[in-house]
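Student: Residue numbers (the working numbering), protein chains in the order written: chain S, 78 to 234; chain R, 109 to 706.
Please find one structure pasted underneath; my questions will follow.
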Amino acid sequence: MHTTEEIQTVIDRYPGSRQYALAAMQDMQRQFGYLPREGLEALAKHLSCPFSQLFSMATFYKAFSLKPKGRHIIKLCDGTACHIRGGSVLLEGIERELGIKPGETTPDGLFTLQLVNCLGSCAISPVILIDDTFYGRMTLEKLPGVLNSYRKEAVER
Amino acid sequence: MKQTILVCCDTGCLANGARAVADALEREIAAAGIDCPVERTVKRTGCHGFCEAGPLVRIQPDDIAYYHVKASDAPDIVRGLTQNEPVRRLLYKDENGEPHTPRAAHPFYKRQEKIALRNVGEIDPHSLADYLARGGYEALGKALTMTQDEILTEMETSGLRGRGGAGFPTGRKWRSAAGYDVFPKYVVCNGDEGDPGAFMDRSILEGDPHSVLEGMAVCALAIGAEEGYLYIRDEYDMAVHAVNTAIRQAEEAGFLGESILGSGKPLKLRVVRGGGAFVCGESTALMASIEGRVGEPRAKYIRSVQRGLWDHPTVLNNVETWANVPVIITGGGAAYARLGTESSKGTKVFSLVGKVKNTGLVEVPMGCTLRELIFDIGGGVADGRPFKAVQTGGPSGGCIPERMLDLAVDFDTLTKYGAMMGSGGMIVMDDTSCMVEVARYYVNFLSEESCGKCTPCREGLRQMLAILTDICEGRGREGDVELLERLGATLQDSSLCALGKSAPNPVLTTIRYFRDEYDAHIREHRCPAGVCRKLTAFRIDAEKCVGCGACAKACPTGAIEGALKQSHRIEPTKCIVCGSCRTACRFGAVTVRGRTEQ
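Below, the structure is given as structure tokens:
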């Protein structure tokens, strides 16, 4: 979660100029997992721009979310190469396995599923990226094992 | 001279375990001690190109390449170096089973000509010394001794055209920007590589970031810019890291920063991380995004060379374009222009992906034919399946059928046939790809990525998507294809930016070259490729089935019944038509039927 101080630390990294809006918002997204309203309000003040403009950016760019995300972010690549090599089958597999659709978070807060355009790793398609780990040449067969490794780790914690 | 081991540490190879390979090699070298004829540190390089066969290891200067290397191979590799005997089992073997040592002899590499990728896979991208050792920043030094006009003339002579897809002559762009006496001016690198299926820019940024910085610095001198930005996709974490490191190194060494090589001319470069919007690959949208606004394109009555970033003269080029610049300045524009075709000079990097045998990144002279790319270099279609189409140019491109494979790939040829070379993504499709579904896929992609500013693109794409979804789900009607064509023509004529103008290309080319598939969906309610679920049923051919059980193992819902060594059967009520059985079957026993066919 976030505190007012944490928000301020992120904002203070940047000069009070409009061109740093994107960068500051990305830092917030990275640190908190989403863009808290207080964060955007404080940033608007810092950059002397209307809150509505930051809100429009927050909803325009895919990198941002206004809702908190799960502990692990699953990015399923739906680039063309992945798509024709079974990406859509994988999507259904993950949906079945987790009971959520793209953009949603599991009730236990463990996983958020995102459908992304192209991770630029077409040579090992189809690809899923969980946090920073790439899983190339994914199949329905391998899927439960991969997801379970994260579940197991969560139980052990 | 000691030998050097290069390990590809690009995303693809890393996912296959390249880091463990590099670590194991370093341990083995250390264990072999002082007598080992190898540099102690293994060079962790950018992409070697041949991602399919990764993790890739290469030994220089002998040009020995090892494929599919595992950490457990490290002892043999190091022993092989000590005894001067390559490890045969890791080498490439030709069709007669004969191993080949020099990498250059491999069919995947034989026809390639590396200019933009000259250092990618050869150097440690985090080492400035490596870049300098291969002639890095010589072009910048030379440019400082040239007048602005000389630099611009050299660029014009080279015939270099923008590698992002539009193909605008780079030299002319620079000269226009140089002509305006409005300061400050800006140089911008477009690293918002959004075309699905393309990753050449990522590989250059990750594997050779200094070449891009050097290209930008040369341009800054030529037009009088003192500030620049590199807009890089948020998804490309490694690229952002590599470029930031490179900027810091170049500033410390005096190539960038307050005074370029002591000339008194400054250049400050900064990385801006993209926000994840495809439309930001469009130049004016990208500039809006750098300024801290929503990335919407504007009408280009006034071009960005005159009024770009913050309404000041701006030169924006694609990553690959920038990487070509140092070569042109060092070797001369005329030498560069000797490569390629009449109207498209130099080389182009392609990402060869999809259902092709040798997936990876290749660089060939312009004018190479699709057949050479896919069959000679790419080794043909994977798993012995028949070729159906190649999709070029990303969502703005088109699908090209087999009878047109002898077309040359350059800026102008493919455009005549409704497709385009674009940024160089090349996605090979076999008989298991449905062309209607591929068109639907691209229109879905574009309708989500349309910024919504102009009506034809926003609403037109939505309507096209609805029609295509209907066709894929068995609700297609007579006249749908003609309606798609009319909508497509409207989008081409009336959209504001290139996203909307080129958006109908995947639909129109599939209609033009694969009309029979549309008709099969609409009239016969079947999907010939077996992709559209609602129109497909899989059947196991009892004659061909040997009862190996591979399909039953692959089936995620347990829908396949049958005893071992007896022909199997799919239970239709359990089948979700995912096609896993078809992929798993090595005997071609799983056949595609229409839902209503018996």
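Using N, Cα and C, we set each Cβ at its ideal position, and we do this for glycine too.
Computed from a prediction, not measured in an experiment: that's the story for all the values here.
Using a 10 Å radius around the Cβ and a threshold of 16 neighbouring Cβ atoms, would you call Glu82/S buried or exposed?
Tutor: What you label residue 82/S is simply residue 5 of the first sequence in a count that begins at 1. Exposed.
Student: Comparing alpha-carbon positions, which option in Val150/R, Leu122/R, Arg135/R and Ala139/R lies nearest Lys110/R?
Tutor: Position 2 of the second sequence, counted from the start, is the residue given in the question as residue 110/R. Comparing Cα positions, the closest option is Val150/R.
Student: Is it true that the region 379-395 of chain R meets the region 255-265 of chain R, where meeting means three or more beta-carbon pairs spaced less than 8 Å apart?
Tutor: No, the region 379-395 of chain R is not in contact with the region 255-265 of chain R.
Student: Per DSSP, which one or two residues make a beta bridge with Asp538/R?
Tutor: On the second sequence, position 430 is the one that residue 538/R refers to. Asp538/R is bridged to Phe495/R.
Student: Report the residue ranges of all alpha helix (DSSP H) runs contained in full by the region 407-469 of chain R; include only those spanning at least 4 residues, in chain order.
Tutor: Whole alpha helix (DSSP H) segments, 4+ residues: 427-439 and 441-445.
Student: Between which residues of its own chain and Ala547/R is the CB-CB distance below 7 Å, once the five residues before and five after are set aside?
Tutor: As a working mapping, residue 547/R is identified with position 439 in the second sequence. Same-chain partners within the cutoff: Leu576, Pro614, Val615 and Thr618.
Student: Report all residues from its chain with a CB closer than 6 Å to the CB of Gly302/R; omit the five preceding and five following residues, and keep chain order.
Tutor: Numbered from 1 along the second sequence, position 194 holds the residue referred to as residue 302/R. Closer than 6 Å at the Cβ level, and outside the excluded window around Gly302/R, lie Phe386 and Gly389.
Student: Which class does Ile684/R belong to by DSSP, given the choice of helix, strand or coil?
Tutor: Along the second sequence, read from residue 1 onward, the residue named residue 684/R stands at position 576. Coil, per DSSP.
Student: Are the region 102-109 of chain S and the region 132-141 of chain S in contact at 8 Å, needing three or more beta carbon pairs?
Tutor: Yes: the two stretches touch, three or more of their Cβ pairs being nearer than 8 Å.
Student: So, helix, strand or coil for Phe128/S, using DSSP?
Tutor: Here residue 128/S refers to the residue found at position 51 of the first sequence. The answer is helix: DSSP assigns Phe128/S an H, G or I state.
Student: With DSSP run on the structure shown, which of helix, strand or coil describes Ala516/R?
Tutor: Sequence index remark: in the second sequence, residue 516/R carries index 408 (1-based). Note: Ala516/R maps to strand in three-state DSSP.
Student: By Cβ distance below 8 Å, which residues in the same chain neighbour Arg52/R in space, the five residues on each side in sequence not counted?
Tutor: Absent from the model: residue 52/R. The displayed extent of chain R is 109 to 706, so no value can be given.
Student: Where do the N-terminal and C-terminal ends of the alpha helix (DSSP H) with Arg378/R fall, by residue?
Tutor: Residue numbering aside, residue 378/R sits at position 270 when the second sequence is read from its first letter. Careful: Arg378/R lies outside any alpha helix (DSSP H), inside the beta strand (DSSP E) at Lys376 to Arg381.
Student: With a threshold of 8 Å between beta carbons, is Gly170/S in contact with chain R?
Tutor: What you label residue 170/S is simply residue 93 of the first sequence in a count that begins at 1. Chain R, which has a Cβ nearer than 8 Å to the Cβ of Gly170/S, makes this yes.
Student: DSSP has Leu217/S in a bridge; who is on the other side?
Tutor: What you label residue 217/S is simply residue 140 of the first sequence in a count that begins at 1. According to DSSP, Leu217/S bridges with nothing at all.
Student: Give the DSSP-derived three-state secondary structure of Pro184/S in the structure shown.
Tutor: In the first sequence, residue 184/S corresponds to position 107, counting from 1. Three-state result, Pro184/S: coil.
Student: Which residues bound the alpha helix (DSSP H) around Arg135/R?
Tutor: The count along the second sequence starts at 1 and reaches residue 135/R at position 27. First-last of the alpha helix (DSSP H) with Arg135/R: Ala126 to Ala140.
Student: Can you list the alpha helix (DSSP H) stretches of 4 or more residues lying completely in the region 165-191 of chain R, in chain order?
Tutor: Runs of the alpha helix (DSSP H) inside the region 165-191 of chain R: 182-190.
Student: Given Gly336/R, which residues of its chain have a CB within under 8 Å of its CB, disregarding the five upstream and five downstream residues?
Tutor: Taking the first residue of the second sequence as position 1, residue 336/R is located at position 228. Result list for Gly336/R: Tyr294, Val295, Val296, Cys297, Met324, Ala328, Leu375, Lys376, Leu377 and Arg378, in chain order.
Student: Would you mind sorting Gln706/R into buried or exposed? The rule is 16 or more other CB atoms within 10 Å of its CB.
Tutor: Numbered from its first residue, the second sequence carries residue 706/R at position 598. Summary for Gln706/R: the model assigns pLDDT 49, below 50, so the residue's position carries little reliability, and this model does not support an answer.
Student: Can you list, in chain order, the residues of its chain with a C-beta nearer than 8 Å to that of Arg694/R? Leave out the 5 residues immediately preceding and following it.
Tutor: Your numbering for residue 694/R matches position 586 in the second sequence. Answer for Arg694/R: Cys656 and Ala658, listed in chain order.
Student: Report the three-state DSSP secondary structure of Tyr200/R (helix, strand or coil).
Tutor: The count along the second sequence starts at 1 and reaches residue 200/R at position 92. If DSSP states are grouped into helix, strand and coil, Tyr200/R belongs with the strands.
Student: CA-CA distance, Phe646/R and Cys683/R?
Tutor: For this step, residue 646/R is matched to residue 538 along the second sequence. For this step, residue 683/R is matched to residue 575 along the second sequence. For Phe646/R and Cys683/R, the distance between alpha carbons rounds to 9 Å.
Student: Quick one: what's Ile150/S bridged to in DSSP?
Tutor: The sequence position of residue 150/S within the first sequence is 73, counting from 1. Note: Ile150/S sits in a beta bridge opposite Thr189/S.
Student: By DSSP, does Leu143/S sit in helix, in strand, or in coil?
Tutor: In the first sequence, counting from the first residue as 1, residue 143/S sits at position 66. Correct three-state label for Leu143/S: coil.
Student: Under the assumption that Val380/R contacts Tyr344/R (Cβ atoms under 8 Å), give the Cβ distance between them as a whole number of angstroms.
Tutor: Here the question's residue 380/R lines up with position 272 in the second sequence. Here the question's residue 344/R lines up with position 236 in the second sequence. Not a contact, Cβ separation roughly 12 Å.
Student: How many angstroms separate the CA atom of Asn352/R from the CA atom of Gln96/S?
Tutor: Taking the first residue of the second sequence as position 1, residue 352/R is located at position 244. Taking the first residue of the first sequence as position 1, residue 96/S is located at position 19. Asn352/R and Gln96/S: Cα-Cα distance of roughly 18 Å.
Student: For Ile207/S, return the contacting residues in chain R, with the cut-off set at a CB-CB distance below 8 Å.
Tutor: As a first step, residue 207/S must be located in the first sequence, where it is residue number 130. Under the 8 Å cutoff, chain R gives no residues; its nearest Cβ is about 12 Å from Ile207/S.
Student: Taking Cβ-Cβ distances below 9 Å as the criterion, which residues of the region 204-237 of chain R are in contact with chain S?
Tutor: Going along the region 204-237 of chain R in chain order, one finds no residue with a Cβ nearer than 9 Å to chain S.
Student: Taking the beta carbon of Ala697/R as the centre, do at least 16 other beta carbons fall within 10 Å, making it buried, or is it exposed?
Tutor: Walking along the second sequence from the start, residue 697/R turns up at place 589. Buried, since its Cβ has 16 or more Cβ neighbours within 10 Å.
Student: Would you give the residue range spanned by the alpha helix (DSSP H) that Glu264/R belongs to?
Tutor: Translated into the one-based positions of the second sequence, residue 264/R becomes position 156. First-last of the alpha helix (DSSP H) with Glu264/R: Gln256 to Ser266.
Student: Counting C-beta neighbours from all protein chains within 10 Å, is the total for Gly163/S 16 or more, i.e. buried, or is it exposed?
Tutor: Locating residue 163/S in the first sequence gives position 86, where the first residue counts as 1. Gly163/S comes out buried.
Student: For Tyr97/S, return the contacting residues in chain R, with the cut-off set at a CB-CB distance below 7 Å.
Tutor: If you number the first sequence from 1, residue 97/S lands on position 20. Here the neighbours are Gly400.
Student: Closest to His183/R by CA distance: which of Lys218/R, Ile137/R, Cys155/R and Val320/R is it?
Tutor: Position 75 of the second sequence, counting from 1, holds the residue named residue 183/R. Residue identity check: residue 183/R is Pro in the sequence provided, not His. The residue with the shortest Cα to Cα distance from Pro183/R is Ile137/R.
Student: Within 10 Å of its beta-carbon, does Phe519/R have 16 or more other beta-carbons around it, so buried, or fewer, so exposed?
Tutor: Against the second sequence, residue 519/R aligns to sequence position 411. That one is buried.
Student: Listed from N- to C-terminal order along the chain, which residues in the region 109-140 of chain S have their beta-carbon within a distance smaller than 7 Å of any beta-carbon of chain R?
Tutor: Here the close residues are Ser133, Met134, Phe137, Tyr138, Lys139 and Ala140.
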